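Report on one structure; see the data block that follows.
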Amino acid sequence: MNQATIFDLIGTGPNGWGPALAAGALMTILIATAGFLIGAVFGCLGAWAKISGGPVTRAIAGTYTTVLRGIPDLLVIYLFYFGGSAVVTAIGRLFGATGFIGFPGFLAGALAVGITSGAQQTEVLRGAYHAVHPGELEAATACGMSSWVRFHRILAPLALRYALPGMGNVWQVVLKESALVSVTGVVELLRQAQIGAGSTSLPFDFYIIAAAIYLAISTVSGGLLQFSERRFSRGVRRG
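Number 224 in numbering that gives the first Met the number 0 belongs to position 225 of the sequence shown; there are no gaps in the numbering.
Below, the structure is given as structure tokens:
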């Protein structure tokens, strides 16, 4: 029997792993997207605390960014998964359940990736805010704009323009961090490649396929981010 080629492995034939790899890629995108959005929420809150908060909120935000950027991402995932499982198991025992109750792996992974990326997004958004020239906000105030109108017409678009390149870098990091979520039992792209490699004894082929899929996802998402950068930079002279 002839050994399956890479084209056979990515197909839907008898030796094909195409549907399984596609499902793994979809799970990778879902984890990365959920983690990035959760991180955006924490990033906005953290940036607000560092920019406009009082001494206590600034200290909390500073501790958050320092700790989360200093702890390995895999350790954060373990803490969320096993810590969440311990809490869920304790709650289950209150209602008569017995044995170990696992925390949902997808939720643990998305929260862990989101919390860690939020620390990075905090600094990106804080830097973008400070990149906005104070004179533009003063001009908006002089025109009689309220705080809300000044925010969504002047500050938010300008800050987003400066933040997009950094946010794009955070997205690429989050996309790679999603591979770590497999330790919670979630079958994402890299885990599916490991399963295929173990089942067929073709590790090099499956890891090459996984690398190509990761690169494709990264390239497409990078193109979308570049399009967004150009859209938000319309009318700006480029050096």
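Glycine is no exception: its CB is placed at the ideal position from the N, C-alpha and C atoms.
No experiment lies behind these values; they were computed from the predicted model shown.
Notebook entry, point to check: Can you check whether the CB of Ala127 is closer than 8 Å to the CB of Tyr161?
Noted result: Position 162 of the sequence shown holds residue 161. Position 128 of the sequence shown holds residue 127. It is a contact, given that the beta carbons lie within the stated cut-off.
Check: Ordered along the chain, which non-local residues of its own chain (more than five positions away) have a Cβ less than 7 Å from that of Phe102?
Finding: Within the sequence shown, residue 102 is the residue found at index 103, counting from 1. Hits under 7 Å: Tyr80, Gly83, Ser84 and Val87.
Check: Mind checking Leu223: buried by the 16 CB within 10 Å criterion, or exposed?
Finding: Residue mapping note: residue 223 aligns to position 224 of the sequence shown, counting from 1. Exposed is the call here.
Margin query: Quick check: Cys43 and Leu124, are their CB atoms within less than 8 Å of each other?
Written below: By one-based count along the sequence shown, residue 43 stands at place 44. By one-based count along the sequence shown, residue 124 stands at place 125. Cβ distance < 8 Å, so Cys43 and Leu124 count as in contact.
Checklist line | Contact under 8 Å by Cβ, Ile207 with Ile9 | finding: Counting from one through the sequence shown, the residue named residue 207 turns up at place 208. Counting from one through the sequence shown, the residue named residue 9 turns up at place 10. Taking the C-beta atoms as reference points, Ile9 is found no nearer than 8 Å to Ile207.
Check: Alpha carbon to alpha carbon, what distance is there between Gly69 and Thr252?
Finding: Past the boundaries of the shown model lies residue 252; the chain is included only from 0 to 238, so the question cannot be answered.
Next item on the list: Please report how far the alpha carbon of Glu137 lies from the alpha carbon of Thr183, in whole angstroms.
Entry: Counting from 1 along the sequence shown, the entry for residue 137 is found at position 138. Counting from 1 along the sequence shown, the entry for residue 183 is found at position 184. Put simply, the backbone Cα of Glu137 is about 50 Å away from that of Thr183.
Next item on the list: Taking Ile100 as the reference, give the member of Gly108, Ile90 and Asp7 with the closest Cα.
Entry: Numbered from its first residue, the sequence shown carries residue 100 at position 101. For Ile100, the nearest C-alpha among the options comes from Ile90.
Notebook entry, point to check: Which stretch, first to last residue, makes up the alpha helix (DSSP H) that contains His129?
Noted result: Residue numbering aside, residue 129 sits at position 130 when the sequence shown is read from its first letter. His129 -> alpha helix (DSSP H) spans Gly104 to Ala130.
Checklist line | First and last residue of the uninterrupted alpha helix (DSSP H) at Trp47 | finding: Here residue 47 is taken as the residue at index 48 of the sequence shown, counted from 1. Trp47 -> alpha helix (DSSP H) spans Gly17 to Ser51.
Next item on the list: For Gly197, name the three-state secondary structure that DSSP assigns.
Entry: The sequence position of residue 197 within the sequence shown is 198, counting from 1. DSSP, read as helix, strand or coil, puts Gly197 in helix.
Check: Should Arg190 go down as buried or exposed, given a rule of 16 or more other Cβ atoms within 10 Å for buried?
Finding: On the sequence shown, residue 190 is found 191 positions in, with the first residue counted as 1. Arg190 should be labelled buried.
Notebook entry, point to check: What does a CB cutoff of less than 6 Å around Gly167 pick up in its chain, not counting 5 residues either side in sequence?
Noted result: As a working note, residue 167 is residue 168 in the sequence shown. Cβ neighbours of Gly167 beyond the five flanking positions: Leu224.
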